Each structure stands twice: as C-alpha cells, then as structure tokens.
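The structure appears right after this line, and notes come after that.
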Amino acid sequence: MSAIHPDQPLERVVAPDDVGDGSLVEDPAVRPPLVLNNRSFGELTEIVCGYAENPYPDKRLLLLLGLAALCAGVGGLMILYLIITGVGVWGLTNQVDWAWDITNFVFWIGIGHAGTLISAILCLFKQKWRTAVNRSAEAMTIFAVICAGLFPAIHVGRIWFIWMVFPLPNSNAIWPNFRSPLLWDVFAVSTYFTVSLLFWYMGLIPDMASLRDRAHRRLLGARRRGDKPALPDLIRAYVFGALSAGWRFSSRHWHRYEVAYLILAGISTPLVLSVHSIVSFDFATSVTPGWHTTIFPPYFVAGAIFGGFAMVLFLLVPARELYPNMKDILTLRHLENMAKILLVTGMMVGFAYSMEFFIAWYSGNEYESWVFAHNRAIPIWLSEDGAPYWWAYWTMIFCNVLSPQIFWKRKFRTNPLAIWIVALLVTIGMWFERFVIIVTSLHRAFIPGEWHMFYPTPVDILTFVGSCGIFLTLFLLFMRFLPIFAIAELKAVTPQAHRHHHDDEEAH
Amino acid sequence: MIAVTDYFPFLKPFLPAGLQAPPSRFRTSDGKPVAGLLAQFSTVDAACDAAEKVRDEGYTVWDLHSPFPIHGVEEVMGFKRTKLPLISGVVGLTGAGLAWLMQWWMSQNYEIIVQGKPPTAWEPFVPIIFELGVLLTAFATLGAMFAMNGLPRPHHPLFAHEPFLSASDDKFFVYIEARDPKFDMERTRALLESTSPDGEVAVIEDEEA
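So the sequences go chain by chain: A and B. Going by our numbering, the first sequence wraps up at 508, each residue one higher than the last. Going by our numbering, the second sequence wraps up at 209, each residue one higher than the last.
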C-alpha cells in the first residue's frame, strides 16, 4: 500500500504519448473512438457500400480469387475421386482410421466459432468494438462450417448412405443411436450452421436495404436522364430488394429487430459452447488414451475461440491495408483487443496442454502417460521410446503457446504485421493441435504389433487444400458483393447517433 | 389493420372490398388518395424532438424512420416493449419437448442396448434436446420478427417517394399515416411544420384504388 496523504494531489495517470491512429488513448476520461476521422452517417454508408459496389481495390485480389477457385475445383475433383473409389485413396490404415479428414473437420469447425462468439457473446457483454469485425467474422463462420461439414460427410465412405445419420423412417425400421456423440455432432453442427446463417441474414437485412436503395436511386437517376438502366444495379435492386424483405427502417420494426437480435445472441452463446463441447465428446467418450479426458470440452472451446480469432485477424489485417478508408472502421484498438484475446485464449490452451500431462501422471494411468510422454512430447532422437511425431507436438506448442506471448508488449499488439504473423502461426498451430490429438493417439495404441505411422496421400493433401480454396473463394466473393461491415450498427456507435441536449447524459 | 392489398397492390381489382383497406379519407388537390404526411430531419436530436411532439399530440398510426436503431426510441415514440420473446420462448420449449419425445419414441421402438443402460434414459438425449430447442427458437425469433413487423412487404407508398431512400443512408423521417384517427390534412401538416423539418412536409400518395 502506498502512503499518500489524503490532501496530496495524485498525479494523473495518462496514457503513453503514443496513441497510434488515435484509437489507442489510455486516458480513462477519454472514450476511444470506435470510428476514426469523425465519419458521418453518409460517409459510412458510402465507404461500406462502396466496397460492395465497386471492383476490388487491388487487382491482386482477383488473382487470389482465381487461385482460390482453382484450389476449390481441385478439391472438388479429389472428393469426386474419393466417392468413386473409396476412402482407401486417403492414407488411412486399420490403426489410424481417423487422420486428416477429422483433423480438418475439427480445424474448420473451430475457426467457425469466432464469428458467433464475436456476434453473440460480445453483443451480450455490450462490447461495442465488435461492430468492426462482426459481419466478416459471421461470414467466416458460415464458410468455415461449410468446409467443416464436408469432411464428416465424405469420410463415411459410402456417402449414398449418409441419410442414415438423420432420423428418417426407413423400411428396416431402424432408428439412429441417440447415445452416440457422433449423432449429437450431426445435430449440433447442422443446428449451428442454420442458426449462424439466420443470425447473419438478420444482421444483413438493413444493410442489404441500403444497397437496394442506392441501386434504386441510381436507376431513377438513369431513367430521368433517359439512359439505359445499368444491369448490375437492376440485379442489385431486385436481389437485395427481395432479400431485405421491404425493410423500411421503421423504429417500430427496429425495436422488435433489436429484441430478436438479442434473443438470437442469447441462444447462440450456449449454442457455440455446446457445439465444440459435443465435437470434443467424439473423442472424450471413447476409451483411447489421450482422448478419454474430462478437460476436453472447455479445452476445445477455448481452442476454437483462439483459432477463430486468429483466422479473423489473418483475413482482416491484409484487407485493412488494401481497402481504402477501412482503417477508420477497423482501428488499431480493435486489432489490439483481438491480440489480447489471442493471448488469453492461447494461455488457456497452454494451460489445457499442461493439465493433460498433470492428469496423465496424477491418474496413475500408464497408457495415458505413455501417450503423452512417448507418443507426443519426447523426441525420438532423445530416446528409443520417443515419439516419431515429436515435431508435430512441438510445432503446436511453439505456435499456440509461445508465439502469442509477444502480445504482452503493446508494441506488438498494435503492429499489424506482427499480429498477422502470429495469426498465421496460430492457424497452423491449431491444425497441428487436432493432428496431434487424433493421429498421435491412434498410431500407437494398446498392441505394439499394430503400431503404424500415418502418411498422407496426395488426395489427403489436395482435399485439404481444396477446403482452403472453398473457404477463401466464398470469403472473397463475400467481400466483393456484400457489405463487409454492419453499416447500421457502425452508425449506431458513432457519437452523433445519440441525443445530446437531453437530460439523460449517461454516456452510451 | 393491415390488408392483403397493402402487400400486393396488384390484387386490388380481384379482391372483394371486404378484404381491402378502406380507401383513404383524404385527397390531394389533384384528387389522388393520401397515404400520409412525411417530414425529413438530419439529426437524431431533431427527429426525436419531432417524434415526442407527435407522441404528445396523441397520434397512434405513425412512425419514425432512422438508418439505425435509436437508443430509447420506445420512450420517444411511446410504445410498449414487444411480446416477441414470449413467442421465442414458447416455440423453443416446444422444440425441446418434441426433441425429447422423438428420441424417446425412436429409442423404445428400436432398442439399442449399450452397457445395459435403459434404452429410454433421458440423460443421453440432452444434447439433441438442447440443439433442437435452439434451432426452433432461432426460426421462431426470426419468423416472429418478420410477422410482427408485417414483412416481407415489397410494396409501400413510402418507397415511391424518392427522398425517402435516404432513410437507409443518413436522414430521419417522421411519417404520420392518413389512417390515424387524429389525422387531418391541415392540422397534421401544421404540427409537422412546427417541428422545423428539412424542407417542405411531403404528401405521400397512395396507389389509385
């Protein structure tokens, strides 16, 4: 405790001089701006709708889209090949019967969690900075869940029997096993996809109405001048007109809209936690050493948030450089906040990794401790009993636990390049986390005679590349044609959105 | 009351008068039916002040259009909190109940004995009960939002008024409908003009019956 005389004035704690782009103010008396340069409502509409109405600001994005679409196409061919030939085209063996397929599934579904987290949990906590990223993170969620849903569907082998996962009446009167976590997964992932899509669509309604009105206005102008109506505007007026369902910005409508939005946020929060918990049950309810642990549900959820935020940063940091005026909406403070979340969730997964070791030792289960020591951590060049997959384990530790530690320094938290590099490392690390969990547990189980290494085939690799292509293609198309920021929500967090002279001077 | 022809004006010639909205009581100087009067504002303050005035005059069928939800608009306009959460809750619980019923019925119909546990134990049903409860709540919430707002509504007299397109950009509008029992061309116009809107108070015309 410091001994300061009550009459002695305290020196004011003010921020370091460096306030970056203006959003990094640390003075508690100053509310850091959520939108820079005092953008007016009209300017915000113009900036965000401009992204959706004009060609890419950089021609290289078009090239990237082409490349992504090519990868997606190759992935599609690989899936076709798999369906025609059978799952033997992957490197799976009798022992390692889940490998890249389920690794990719958990990887993508994890990435899909940040969107709902940002939209729902940050909404409930009234974290207004979410307006800078919620729309693109929600879009990312949907595209990631599409990629995720692909792998369990194609890994069943005979995909024409996939309908059996649903409780459909059939002539054998067979119903699914409702006690299987794999069946819970079917319900969890499909519910998650549907609810995320509804949530995203609902957020898009007013913004699509903005695009509709702008197209309509240009069409009216063309008609007055006697010009031919522009085809893109005709398409926009019809498509966005239909999708925005006649939204006319009525306050009575906004009121119900906001209540409905809050309810969707409220139910999405437990949903997002349940989905990755259920994904972890796929492993935790089995008796395989390394999987059979109670820490899995929270550990998986933390990892999902971690990986999802990394992907948001990985995509938005370059976009912020390429798109004009985006730095006014996605400020350094937003990046800093997300870097902090990376640091926190990175430490949470780090804690989970160490706790797995502790429980393996503390439980006295020799199979469990063997998996952690001899299948994962001890390098094979250190001991004859070491793990041939030591490099996968230590890649995971380096990327997920060590690399975010640089964010203890504010200099790195506010440096877009540093954030982007860590985000990339975390994305790689989170893929390896799932690979480590799945393959290192399976490749050496109870009978040493069955020990096998897993070698991916080109089909394995190209299918994963294909899923990345699908994800990136969809995301780039989204950036080209839809409002990538929630325009109405952005306007609502600007200072001019509040009544000034009135008695309720509670600062919102 | 919202009539079918509000949504689909092209049905007017085909529907009996009973299903149609009654024709407007008011006409413009050139004989067109009046749908309402519209005043435009540039700031939240001006729009809210005007709305409070309209509220205090006792109008009921009127609206405030803004590019984003205004904080505390319920009080400014004087309407009650929506009952929408009730619909979400009831449908959500129904979904959860149906999910339990489905699993119970299917499990006792096709018994899979695992570890000797009773085939219809409720505990393993919890994840799917939860998921289906959430799923139905989400559909009910979005559906109720649409239904209570009278959406989708592709046609509305306001859409024909070009300056109103700025409601999706940076302008605020107070719109008093001619259906309001207190509506009167002269007095309502005077009320709106007294709130010092941007420019003239606009007369919104209805489609010809």
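Backbone N, C-alpha and C fix where the C-beta goes; we use that ideal spot for every residue, glycine too. None of these values were measured; they are calculated from a predicted model.
| said: I need the DSSP call for A:H5, collapsed to helix, strand or coil. | reply: As a position in the first sequence, residue 5 of chain A is number 5, starting the count at 1. Coil, per DSSP.
| query | Are the C-beta atoms of B:E75 and some chain A residue less than 7 angstroms apart? | reply | Counted from its first residue, the second sequence places residue 75 of chain B at position 75. No, B:E75 does not count as interfacial toward chain A.
| query | What number of angstroms, rounded off, separates the C-alpha of A:A29 from the C-alpha of A:G22? | reply | As a working note, residue 29 of chain A is residue 29 in the first sequence. As a working note, residue 22 of chain A is residue 22 in the first sequence. About 14 angstroms.
| request: In the DSSP assignment, find the alpha helix (DSSP H) that holds B:V34 and state where it starts and stops. | output: Numbered from its first residue, the second sequence carries residue 34 of chain B at position 34. Not the alpha helix (DSSP H): B:V34 falls in the beta strand (DSSP E), residues 34 to 41.
| Between which two residues does the beta strand (DSSP E) carrying A:D21 extend? | Position 21 of the first sequence, counting from 1, holds the residue named residue 21 of chain A. Where A:D21 is concerned, there is no enclosing beta strand (DSSP E), given that its DSSP letter is neither H nor E.
| query | Would you say A:T297 reaches chain B, if we count a Cβ-Cβ gap shorter than 7 angstroms as a contact? | reply | Here residue 297 of chain A corresponds to residue number 297 of the first sequence, with the count starting at 1. First, the residue type needs correcting, since residue 297 of chain A is Pro and not Thr in the sequence shown. No - not a single Cβ of chain B is within 7 angstroms of the one on A:P297.
| So, A:A284 versus A:F296, is the Cβ gap smaller than 7 angstroms? | Numbered from its first residue, the first sequence carries residue 284 of chain A at position 284. Numbered from its first residue, the first sequence carries residue 296 of chain A at position 296. Yes, they are a contact pair.
| field | Neighbourhood of A:I419 by C-beta distance below 7 angstroms, restricted to the same chain and skipping five residues each side | value | Position 419 of the first sequence, counted from the start, is the residue given in the question as residue 419 of chain A. Excluding sequence neighbours, A:I419 sits near L313, V317, L335, A339.
| If we ignore side chains and look at the alpha-carbon of each, how far apart do A:G350 and A:I421 end up? | Working through the first sequence from its first residue, we reach residue 350 of chain A at position 350. Working through the first sequence from its first residue, we reach residue 421 of chain A at position 421. Cα to Cα, A:G350 sits roughly 19 angstroms from A:I421.
| said: With distance defined between alpha-carbon atoms, name the residue in B:T188, B:G72, B:G143, B:E200 nearest to B:W62. | reply: Here the question's residue 62 of chain B lines up with position 62 in the second sequence. For B:W62, the nearest C-alpha among the options comes from B:T188.
| task | Compile a chain-ordered list of the residues in the stretch 73 to 104 of chain B whose CB is closer than 7 angstroms to at least one CB of chain A. | result | V73, E74, M77, F79, T82, L84, P85, S88, M102, Q103
| request: Quick one: which residues of the stretch 177 to 195 of chain A get their C-beta closer than 7 angstroms to a C-beta of chain B? List them in chain order. | output: N177, F178, R179, W184, F187, A188, T191, T194, V195
| request: Within its chain, find whatever has a CB closer than 8 angstroms to the CB of B:V76; leave out the 5 residues flanking it on each side and keep chain order. | output: Within the second sequence, residue 76 of chain B is the residue found at index 76, counting from 1. Taken in chain order, the residues that qualify are C48, A51, E52, R55, L64, I70.
| message | Short of 6 angstroms in beta carbon distance, which residues of its chain neighbour A:F281, apart from the five on each side in sequence? Order them along the chain. | response | Here residue 281 of chain A refers to the residue found at position 281 of the first sequence. So the list reads P181, once near-sequence residues are dropped.
| request: Spatial neighbours of A:N134 within its chain, please: CB distance less than 7 angstroms, with the 5 preceding and 5 following residues excluded, ordered by chain position. | output: If you number the first sequence from 1, residue 134 of chain A lands on position 134. I118, S119, A486.
| Interface partners of B:Y210 on chain A, CB under 8 angstroms | An answer regarding residue 210 of chain B cannot be provided, because it is not within the stretch 1 to 209 covered by chain B.
| query | Who are the near neighbours of A:A68 in its chain, counting only those whose CB is closer than 7 angstroms to its CB and skipping five residues on each side? | reply | Position 68 of the first sequence, counted from the first residue, corresponds to residue 68 of chain A. Once the five neighbours on either side are set aside, the close Cβ partners of A:A68 are G469, L472, T473, L476.
| Endpoints, the alpha helix (DSSP H) within which A:F300 is located | Position 300 of the first sequence, counting from 1, holds the residue named residue 300 of chain A. Here the alpha helix (DSSP H) through A:F300 covers 296 to 322.
| Alpha carbon of A:A132 to alpha carbon of A:R248, nearest angstrom | One-based indexing of the first sequence puts residue 132 of chain A at position 132. One-based indexing of the first sequence puts residue 248 of chain A at position 248. In a straight line, the C-alpha of A:A132 is about 24 angstroms away from that of A:R248.
| query | Of all Cβ atoms in chain A, is any one closer than 7 angstroms to the Cβ of B:V134? | reply | Your numbering for residue 134 of chain B matches position 134 in the second sequence. Yes - at least one Cβ of chain A is within 7 angstroms of the one on B:V134.
| request: Express the C-alpha separation of A:R413 and A:E46 in angstroms, rounding to a whole number. | output: In the first sequence, residue 46 of chain A corresponds to position 46, counting from 1. In the first sequence, residue 413 of chain A corresponds to position 413, counting from 1. So the alpha carbons of these two residues sit roughly 30 angstroms apart.
| Is it true that the CB of A:S244 sits closer than 7 angstroms to the CB of A:M208? | The residue labelled residue 208 of chain A in the question sits at position 208 within the first sequence. The residue labelled residue 244 of chain A in the question sits at position 244 within the first sequence. Yes, Cβ-Cβ distance for A:M208 and A:S244 is below 7 angstroms.
| message | With a threshold of 7 angstroms between beta-carbons, can B:L192 be considered close to chain A, or not? | response | Walking along the second sequence from the start, residue 192 of chain B turns up at place 192. With 7 angstroms as the cut-off, B:L192 does not count as an interface residue toward chain A.
| message | Alpha carbons only, please: which of A:V189, A:R214, A:Y299, A:F199 is nearest the one belonging to B:S168? | response | By 1-based counting over the second sequence, the position of residue 168 of chain B is 168. Checked all of A:V189, A:R214, A:Y299, A:F199; the closest Cα to B:S168 is A:R214.
| task | State yes or no: is the beta carbon of B:F68 nearer than 7 angstroms to at least one beta carbon in chain A? | result | Here residue 68 of chain B corresponds to residue number 68 of the second sequence, with the count starting at 1. Closer than 7 angstroms: yes.
| Is any beta-carbon of chain B found at less than 7 angstroms from that of A:W254? | Taking the first residue of the first sequence as 1, we reach residue 254 of chain A at position 254. Yes - at least one Cβ of chain B is within 7 angstroms of the one on A:W254.
| Proximal residues to A:V106 (C-beta, below 7 angstroms), its chain only, five neighbours per side dropped | What you label residue 106 of chain A is simply residue 106 of the first sequence in a count that begins at 1. Closer than 7 angstroms at Cβ, skipping near neighbours: V279, R434.
| Quick one: what does DSSP say B:D184 is sitting in, helix, strand or coil? | For the purposes of this step, residue 184 of chain B is taken as the residue at position 184 of the second sequence. Of the three classes helix, strand and coil, the one that applies to B:D184 here is coil, per DSSP.
| Who are the near neighbours of A:R130 in its chain, counting only those whose CB is closer than 6 angstroms to its CB and skipping five residues on each side? | In the first sequence, residue 130 of chain A corresponds to position 130, counting from 1. Closer than 6 angstroms at the Cβ level, and outside the excluded window around A:R130, lie I118, L122.
| Cβ of B:A50 within 7 angstroms of any chain A Cβ | To locate residue 50 of chain B, count along the second sequence from 1; it is residue 50. So, not an interface residue.
| task | Please determine, among A:W370, A:G157, A:I142, the residue with the shortest C-alpha to C-alpha distance to A:E356. | result | Numbered from 1 along the first sequence, position 356 holds the residue referred to as residue 356 of chain A. The option with the nearest alpha carbon to A:E356 is A:W370.
| said: As a quick exercise: from A:N415, A:W390, A:M326, pick the residue whose alpha carbon is nearest that of A:P483. | reply: Translated into the one-based positions of the first sequence, residue 483 of chain A becomes position 483. If we check each option's Cα against that of A:P483, A:M326 comes out closest.
| message | Distance cutoff 7 angstroms, beta carbons only. Does B:S168 sit that close to anything in chain D? | response | This model lacks chain D altogether, as its protein chains are A and B.
| field | CB contact flag (A:T457, A:W184, <7 angstroms) | value | Numbered from its first residue, the first sequence carries residue 457 of chain A at position 457. Numbered from its first residue, the first sequence carries residue 184 of chain A at position 184. Contact: no.
| message | Would B:L11 pass as an interface residue toward chain A - the criterion being a Cβ-Cβ separation below 7 angstroms? | response | Along the second sequence, one-based indexing puts residue 11 of chain B at 11. For B:L11, the answer is no, since every Cβ of chain A falls outside 7 angstroms of its Cβ.
| request: Compare the C-beta of B:I176 with all C-beta atoms of chain A and state if any pair is closer than 7 angstroms. | output: Reading the second sequence from its first residue, position 176 is the one you call residue 176 of chain B. So, not an interface residue.
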